[in-house]
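A.B. asks: Below: one structure in structure tokens.
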Amino acid sequence: MATEWQMHFRRETFRRLVLSCSCVGDFRQRVQSRKHLVKHIWLRVELPEYRCSTCGNSETARQFRKNDQIFTNVLWHLMETLGAWGEAEPCGQGPILELSVHSPSDLKHHFD
1 MATEWQMHFR RETFRRLVLS CSCVGDFRQR VQSRKHLVKH IWLRVELPEY RCSTCGNSET
61 ARQFRKNDQI FTNVLWHLME TLGAWGEAEP CGQGPILELS VHSPSDLKHH FD
């Protein structure tokens, strides 16, 4: 493949990344030499499933701690990686960071 095409596809591939909890650990290695191409990162944090009988109730203290720990740990690891990138580009703008949190059970339930 021609070099200009490789660069085109590399720019498109790394421009907008969607990360799940399981790939944040590999993110640093895989993107290090291409970090200048990253313009948008969407971190999708997946929480454990829950039962139908609990979907209308607030989280228990235990569930809250577990969910909070999952979210905090994955965000911390991502921030460590982004912090190691150093200074922002000359224009002063780093990548956009989008965060979302969901459970696979959310699709099975209705919330008012």
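Residue numbers (the UniProt record's numbering): 1 to 112. The beta carbon of each residue, even a glycine, is placed where N, CA and C say it ideally should be.
Please name the residue, chosen from L19, S20, C23 and R11, that lies closest to S33 on a Cα-to-Cα basis.
C.D. replies: S33 has its Cα closest to that of R11, out of L19, S20, C23 and R11.
A.B. asks: Runs of 3 residues minimum, wholly inside the region 22–104: which ones carry the beta strand (DSSP E) assignment?
C.D. replies: Within the region 22–104, the complete beta strand (DSSP E) runs of at least 3 residues are 40–46 and 96–102.
A.B. asks: So, S20 versus V45, is the Cβ gap smaller than 9 Å?
C.D. replies: Going by C-beta atoms, S20 is nearer than 9 Å to V45.
A.B. asks: With distance defined between alpha-carbon atoms, name the residue in E98, G83, P48 and V101 nearest to R28.
C.D. replies: Closest by alpha carbon: G83.
A.B. asks: Between the alpha carbons of L78 and V24, how many angstroms are there, rounded?
C.D. replies: In a straight line, the C-alpha of L78 is about 6 Å away from that of V24.
A.B. asks: Can you name the start and end residues of the beta strand (DSSP E) that L107 belongs to?
C.D. replies: Per DSSP, L107 belongs to no beta strand (DSSP E) and is neither H nor E.
A.B. asks: If you draw a straight line from the alpha carbon of R30 to that of T81, how long is it in whole angstroms?
C.D. replies: Looking at the two C-alpha atoms, the distance is approximately 11 Å.
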